[in-house]
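These notes are about the structure you will find just below.
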Amino acid sequence: MTIFAPLNTPLPNDRESANDSGHRFDTGRRWAASIELGFEARRESLQRITRLVRRRHYGPLRVQKPFYPEGRDGCCHVYLLHPPGGLVSGDALSITASLAEGAHALLTTPAAAKLYKADSHGVAWAQHTHLNVADGATLEWLPQETLAFDGSRGEQTTTIDLTGSARCIGWEVLALGRPVGDLPFVSGHLEQRFRLTRDGRPLWIERQPMDPTHPRFKGHWGQGGSTVQATLWAVGLGDENEAIEALREQITANPRWAVTRRRGVLLLRYIGHERNEAWAICQQAWEILRPGLTGQEAHIPRIWLT
Numbered sequence: 225m226t227i228f229a230p231l232n233t234p235l236p237n238d239r240e241s242a243n244d245s246g247h248r249f250d251t252g253r254r255w256a257a258s259i260e261l262g263f264e265a266r267r268e269s270l271q272r273i274t275r276l277v278r279r280r281h282y283g284p285l286r287v288q289k290p291f292y293p294e295g296r297d298g299c300c301h302v303y304l305l306h307p308p309g310g311l312v313s314g315d316a317l318s319i320t321a322s323l324a325e326g327a328h329a330l331l332t333t334p335a336a337a338k339l340y341k342a343d344s345h346g347v348a349w350a351q352h353t354h355l356n357v358a359d360g361a362t363l364e365w366l367p368q369e370t371l372a373f374d375g376s377r378g379e380q381t382t383t384i385d386l387t388g389s390a391r392c393i394g395w396e397v398l399a400l401g402r403p404v405g406d407l408p409f410v411s412g413h414l415e416q417r418f419r420l421t422r423d424g425r426p427l428w429i430e431r432q433p434m435d436p437t438h439p440r441f442k443g444h445w446g447q448g449g450s451t452v453q454a455t456l457w458a459v460g461l462g463d464e465n466e467a468i469e470a471l472r473e474q475i476t477a478n479p480r481w482a483v484t485r486r487r488g489v490l491l492l493r494y495i496g497h498e499r500n501e502a503w504a505i506c507q508q509a510w511e512i513l514r515p516g517l518t519g520q521e522a523h524i525p526r527i528w529l530t
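Right under this line is the structure:
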């Protein structure tokens, strides 16, 4: 593994934290980081195994090694590591993953990502994720939660390009503010963008702005003051109606989540105030949907249990 970084790239302990109301850092110390991963399905000893064949890094964004908790002929699990643990003004993350024909990979993170208070106006930080899944390949994109603190300003984009019979399941869970410290999200601006295509044709395009000063944020016709939201998507299910019925039967019903489908994309939404509840619903939905999507029972990444 080779890491390319400028000589003045600071180590994680070079950052200067401030008080509980937010984090401010030396404006001269900024991190741009990127990672590019490539996966291929190979025949080895009469088994079909997905190998991580390409990993290019810049800055503090990397992976250690692939894991095979489901057996050598199962899915390749990879943990994306971002040692700083969060984004501040001037930071930019770029994540690219490409799966070749027949490959199967599960990407997750070891901990929640944190979005800190910005020291500038406009877009202060950015995170861009681009996932390419070839014909016959399966990608599971399951990062742990994103925690956005008061005053955070930035954008997250997720682009998924599927080819042929490619399949994908993934989620994004976002929590605003610090309820434990009684520090709500009352300033700042976040924007999430999703774009999912198959063979170049759009299946799902969405933009979610989050501005606590906008009427939409508190209005019942909008976010209703909710501080936690989550979106789970699945593409490539054999029977979407059957999958939706299974979710409705097996996940405890409440008004904070719902599931639907559109143009071959199953979408489960959560909007409420409980981060643990949002995560639990998404994880349970993944466990229900995975066998129908991949032919394999859900195997919880070990990092989630630590």
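The numbers in our numbering rise by one with no breaks, and the one at position 67 of the sequence shown is 291. All C-beta atoms, glycine included, are put in the ideal place defined by N, C-alpha and C.
| query | result |
| --- | --- |
| Nearest-angstrom Cα separation, counted from S258 out to L517 | 29 Å |
| E369 beta carbon less than 8 Å from that of V397 | yes |
| Start-to-end residues for the beta strand (DSSP E) that takes in Q179 | Missing from the structure shown is residue 179; the chain here goes from 225 to 530 and no further. |
| Straight-line gap, Q474 to D297 (C-alpha atoms, nearest Å) | 29 Å |
| Buried or exposed by the 16-neighbour rule on C-beta atoms within 10 Å, applied to D374 | buried |
| Within the stretch 370-435, ranges of the beta strand (DSSP E) (whole runs, at least 3 residues) | 370-372, 377-386, 391-400, 413-422, 425-434 |
| Beta-carbon separation (whole angstroms), H301 vs L261, contact threshold 8 Å | 12 Å between Cβ atoms; not a contact. |
| Member of P290, H328, E294, Y282 whose CA lies at the smallest distance from the CA of P307 | Y282 |
| Stretch pair the stretch 469-489 + the stretch 434-443: three plus CB contacts closer than 8 Å | no |
| Any 3 or more C-beta pairs closer than 8 Å across the stretch 422-431 and the stretch 402-410 | no |
| Q416 burial status per 10 Å Cβ neighbour count (16 or more: buried) | buried |
| Within 8 Å, strictly: CB atoms of L339 and L366 | no |
| Bridge partners - I180, DSSP secondary structure assignment | Lying before the first or after the last residue shown, residue 180 is absent from the chain, which here runs from 225 to 530. |
| Host alpha helix (DSSP H) of W528 (start-end) | Element bounds for W528: n/a, residue is neither H nor E. |
| Selected residue, minimal CA-CA separation from L317, among K341, R266, H354, E325 | H354 |
| Residue environment, L529, which counts as buried when at least 16 other CB atoms sit within 10 Å | exposed |
| First and last residue of the uninterrupted beta strand (DSSP E) at C300 | 300-303 |
| Sequence-distant residues of the same chain with beta carbon closer than 7 Å to G462, five excluded per side | G516 |
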